[in-house]
Every structure is written in C-alpha cells, then in structure tokens.
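Novice:
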Amino acid sequence: MSLTRQDVEKIAHLARLSITEQQMPAYVTSLSNIVDFVAELSSIDTGQVLPMAHPLEGQSQRLRADEVSEADQHVKYQVNAPEVQAGLYVVPRVIE
Amino acid sequence: MSEWETVIGLEIHAQLATRSKIFSAAATAYGAPPNTQASLVDLAYPGVLPVLNAEVVRMAVKFGLAIGAQVARRSVFARKNYFYPDLPKGYQISQYELPVVGRGKIQVMLEDGSRKTIGITRAHLEEDAGKSLHEGLANASGIDLNRAGTPLLEIVSEPDMRSAKEAVAYMKKIHTLVRYLNICDGNMQEGSFRCDANVSVRILGQEKFGTRAEIKNLNSFRFVEKAINYEVARQIDLLESGAKVFQETRLYDSDKNETRSMRSKEEANDYRYFPDPDLLPVEINEHYIQAVKNTLPELPDDKAARFARDFGLSTYDAGVLSTSRDLGDYFEAIVNPAGVVPPLAGAVPPAAVNTEYAKLAANWVMGELSSALNREALDISAARVTAVALNGLLLRIVDQTISGKIAKEVFGAMWLHGQSADSIIALQGLTQITDTSTIEGVVDTVIAANPKQLADYRAGKDKLFGFFVGQVMKVTEGKANPGQLNELLKAKLARSESGGA
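As given, the protein sequences belong to chains A and B, one line each in that order.
In terms of the numbering used here, the first sequence is residues 2 to 97.
In terms of the numbering used here, the second sequence is residues 35 to 535.
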C-alpha cells in the first residue's frame, strides 16, 4: 500500500472532499493502486531525459493582442449562480 | 540582552497596466460595477481556455532588462491550487519553477545617503484573484470577480533588507522603476502596487536565519514600515521570553497597528503546483529581447546621475528629482528647455547649463511646488503652475525684480489664478526696490523713529537687527532688496556705533 490512511485524509481535505469512514478503505486501496501503477515508470532510467511539461514538443504559447473584446454579460452569466445581490455573487461568509 | 538583527524580504505585486486581462479579453479598468468585467474565462466556466496577453510578456521582459536580470528564453505557467471564494477555478495561474525573469538587482539609497544593493530573486507573471466584500450582507460575503485575471508581476527580493526603513526604500525604488517603465500605474490606494513582507529576527552575527512570518497585503509605504516594526518587536518579545516564532501568515491591522495570525491560510500551504496543461511554454528569443531593450527609457539611476553631473545638483536633490519621469521632465523643462521634447517656446534660462540656476530651480520644485501639490494631493502632471510659468518666475528672482520671499507670494497667486509671474508682479506692484538711495532713505527714517531700539542695539542687543529689517520691510511692503538692505543697515548701525563711542 503506497498511501496511508493519513495521506488520503490530507488529500481529501486539500481537495475539500468529504469521505466517510466506510468509504475510506476503498479509497486508500484504489488510490494506492493508481499511484503504484504510475510508479512503474520509475523503473526506467530517465537520467538523460529532460523533464517535459507538455507533450507538444517544439510548440510555444500563442499570444493575443492586448485588446478588450468582452462585453458585459454578467446578468446572463449570473443566471447560474445560486444567489446574487447587487451584482455580487453571494457565498457563505468568509472573513479573516 | 542580546542584540537582534532584522531580516526582511519583500514580495511586491505590481499590477501590469494593460487594457485587458492576462488570459481573457475582459477589461481591467478600476472601479467598474461588480462583475461587469468578468468574462467566462475569469469566471472559470467549463470548457474555456486561457490565451496569454502579449503585452504582459513584453512588460515583464522590460522589467527584467531594467534590473539587469536574465530573461528566461522559456518560461512555464503553473497552477497554484487552493480554495477561496474569490478564486473560481480553484487554482491561480502563476509561474513556479521557470519564471519569466530571473535573478537581478537594484540599488537603493538609504537615509544616511549611502547606497545598498538589494538582490531580486525572480519576477513572475500571475493572475490576480477577485474581491470579497462583507458589508451589508448578513452572514454572507459578496464576490466581485472584476479583478480576477488582472495581470500581476510578482517581484520577489532576496532577504537583503535589515530594517523597516530599508524595506521601504527598496519598495519605493521598485515603485519608481515600474512607473518609469510604464508597466504599472503604481496606484497604491487602488491596490495596483502592494506587497507581502517576510520578516524574521536573529541574534546579530548568527548566520542562520530565524523563523519568518509573512505579513500579507501591505498597500502603503507607511503600513509596510509600521507592520514590520510591530512584527520585529513581537518576535523579539517572543524569543526573549523563551517562546518560539511560528512560521505563519499574518495580517496587518492598520487601525490597531498590530499583526495577527491568519489561521485560514495555515492549512493552505500545500499548493500542489504543477504545469498548467492549458498553456504552452512561453518562448522568447534574442531578437524580441533586443527589440524590448530598444524601448527602455532613461532609468531612474541614470537620470539622477545625469542631473548631478550636468546640473551640479547634490546626490540627494538629483535623487528626489528623478523619482518620477514627470517630475524629472518638469525640472528639466525649467533648467534646460532645449533638452526636453517637445521643446518649450519662449522660456530661455539665463544660460544653457547654469548650475546656480539649476539649484534654484531644484529648490523651488522640491519646495514650493511640491508642497502646493501635496496640499491638494495632485500629481506633478496636474500642477497648476507649469514648468514654463515657474521658469518665468525664477527669472524674475535672478534678475532681482523680486526677492525670494515675494516670489513665494507671487507663486501662490500664480497657483490660484493661473497668471504669469510678470502679470502678477505688474498687477500687484511687487517689483523689488533695488535703488540704494530709496532704501537708504527708509533706513534713515526707521532708525530715527526708533531711538530706544537703536540705543539697545548699540548696548549689545544684536537681536534687534532683525527688528530694523522688519521695520524697513514693513514700510516698503517687503519690496526692499534684502541683500542691499542688510548691507545698508549694518553699515549705518556700525557707523553710528563707532561714531558714538
């Protein structure tokens, strides 16, 4: 088992996922299986291989001109929000 | 008790002055109604893709070149993962392992006039988050995502500063630089320029750094200084009482002048950065870098050096006058109109480079003009007395039409009414009296009218000299040439003295 129960609890917390006591063993097993599967790659010697951030070798980021072309459509966009007040998205209180 | 040393590093966030956002074509204008400048990309709707703004890259490269840093030929955007309501995607697009600007440095001038080089570790591009508002909503927060996706250049310094004052000097220097480069408006009230301070203390001479606390979101030079000083005192108190400093994020409360722990940030320190699969590496070639280099303006240090060399200014004056391009241009338009584009017609100073005149101009720009601007919180570009008009006034001091004291009154009138110095001098009859016999006449009258003061002066009350000056100025409505008056008075009083003995 490459992942411990504590590892999975931490990952779940960081991802804001709630996992019940009953579900936990299954998550520990299946997540470990995924990690172990990928870990097979470690058996290959990659000492001479440069890390690759993207599979699109030889391509670089296209840039766009600094122009404003988006119109205000917030009323349309906010239809999907659970609650809106005075143009603001309303969420449970967050304060430092 | 041991002696403590403060160690400070700053992370400055400069909002890049683009029209559109870093990854979307929504506007970045400040103060728009909530969410009217948040596009689908900024709102993290499914299926959208970020497209990088070319201007943002150009500005970052400009900054890199200005601090003599290595500009990365290849830089990579990464996702910084955390949850907060003002971050709809659940991650911020930033740069992590391969930032666009590498190691550089900048020189700051300290209060005692000495210079210190501060290392800059890196500068990377990232997007800003939205804003949470808490007023007027019961048990809820309102989210405005207009700011989400606004381009930021985060400038990370080395832990090279040793006092709050040094940190402020460094921050001011970066502030000056980004405005010179025209890449950030530097407006701190609007949050366009703000910083986080990493502060720790260690026993003087100790090599290892102490545990640091990070103070978030300082948006004024004054707050940076106060927050750091508070934090240093807090940490020293802790250590001297045998307790420990925890590595944590703290918030500065300017109302109470204290820092306090931001508990919510503590668990979020595991950001799980990884390269953003939505964005390809940014590649910058030599040709591009050279093209950007060609657009660099004269930089603050170069301008200050030139002012000191060409106009004979002190290092301090040259430094102050080069804190902004506009201020430098204003000064130069007075001293050397031909050197400024566009050339200013009709305002020719007595000599092309007259260091005495330059000193006079420097004093006026840093004195009367700056206080008038400060009183009304105006920028130099909005000065009610133009450089041409101020030059007109200074020429009247030089040719002795008016005294420096009267000139201040004339300046006040120019500021209020927008008239030229000459018309105010003519209108109010302020022309200085430089005719010796006229001044002599007044001096004689004043001496004759004040026999008691005269006797006291002769008895050794030197301070009464000022009384006589005042009386003559009262009669002449301040128009007597002060130099001539002083000489005449001294001569007359001295003559009586020796004659009477």
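The C-beta atom is built at its ideal place from N, Cα and C for all residues, glycine as well.
1) Is the Cβ-Cβ distance between B:V49 and B:F255 less than 8 Å?
2) First and last residue of the alpha helix (DSSP H) that includes A:M25?
3) Determine, for B:I262, whether the minimum Cβ-Cβ distance to residues of chain A falls below 8 Å.
4) Does the region 35-42 of chain B touch the region 31-47 of chain A, meaning 3 or more C-beta pairs lie closer than 8 Å?
5) List the endpoints of the continuous alpha helix (DSSP H) containing B:A100.
6) Could you confirm whether any beta carbon from chain A is found closer than 8 Å to the beta carbon of B:P67?
7) Just verifying my parser: in three-state terms, what is the DSSP assignment at A:P67?
8) Within the continuous beta strand (DSSP E) that includes B:K114, where are the two ends?
9) Within 10 Å of its beta-carbon, does B:N87 have 16 or more other beta-carbons around it, so buried, or fewer, so exposed?
10) Going by the CB atoms, is the gap between B:L159 and B:A94 shorter than 8 Å?
11) What separation, rounded to the nearest whole angstrom, lies between the Cα atoms of A:P26 and A:D8?
12) Kindly indicate which three-state DSSP category B:E511 falls into: helix, strand or coil?
13) Pull the bridge partners of B:G438 from the DSSP assignment, please.
14) Taking only beta-carbon atoms, is A:H57 less than 8 Å away from chain B?
15) Determine, using beta carbons only, whether A:R94 and B:A174 come nearer to each other than 8 Å.
16) Just the Cα atoms here: how many angstroms apart are B:P185 and B:F97?
17) Report the residue from B:D344, B:R409, B:A411 whose alpha carbon sits nearest the alpha carbon of B:Y391.
18) With DSSP collapsed to three states, give me the class of B:A48.
19) Nearest-angstrom Cα distance between A:P83 and B:A66?
20) If you draw a straight line from the alpha carbon of B:R430 to that of B:K55, how long is it in whole angstroms?
21) Exposed or buried, what is B:E89 when buried is set at 16 or more other beta-carbons lying within 10 Å of its beta-carbon?
22) Around the Cβ of B:K508, are there at least 16 other Cβ atoms within 10 angstroms (buried) or fewer (exposed)?
23) Would the region 62-72 of chain A count as touching the region 189-202 of chain B if we require 3 or more Cβ pairs under 8 Å?
24) Residues in its own chain within less than 7 Å of B:V85 by CB, not counting five upstream and five downstream?
25) In three-state DSSP terms, what is B:A158?
26) With distance defined between alpha-carbon atoms, name the residue in B:V476, B:E282, B:D360 nearest to B:A421.
27) Answer with buried or exposed for B:P122, where buried requires no fewer than 16 other C-beta atoms within 10 angstroms of its C-beta.
28) Please report whether the beta-carbon of B:S197 lies at a distance below 8 Å from any beta-carbon of chain A.
29) Measure from the alpha carbon of B:T357 to the alpha carbon of each residue in B:G183, B:E282, B:M143, then state which is nearest.
Specialist: According to the structure data:
1) Note on residue identity: the sequence assigns Gln, not Val, to residue 49 of chain B. It is not a contact, given that the beta carbons lie outside the stated cut-off.
2) 25-40
3) no
4) no
5) 88-100
6) yes
7) It should be pointed out that residue 67 of chain A corresponds to Asp in this sequence rather than to Pro. In this structure, A:D67 counts as coil in the three-state DSSP scheme.
8) 111-115
9) buried
10) yes
11) 12 Å
12) coil
13) Looking at the DSSP assignment, B:G438 forms no beta bridge with any residue, so it has no partner.
14) This sequence places Leu at residue 57 of chain A; His is not what is there. Taking Cβ atoms only, chain B reaches closer than 8 Å to A:L57, which makes this a yes.
15) yes
16) 14 Å
17) B:D344
18) strand
19) 23 Å
20) 51 Å
21) buried
22) exposed
23) no
24) F57
25) Looking at the sequence itself, residue 158 of chain B is His, so the reference to Ala does not match. Strand, per DSSP.
26) B:D360
27) buried
28) no
29) B:M143
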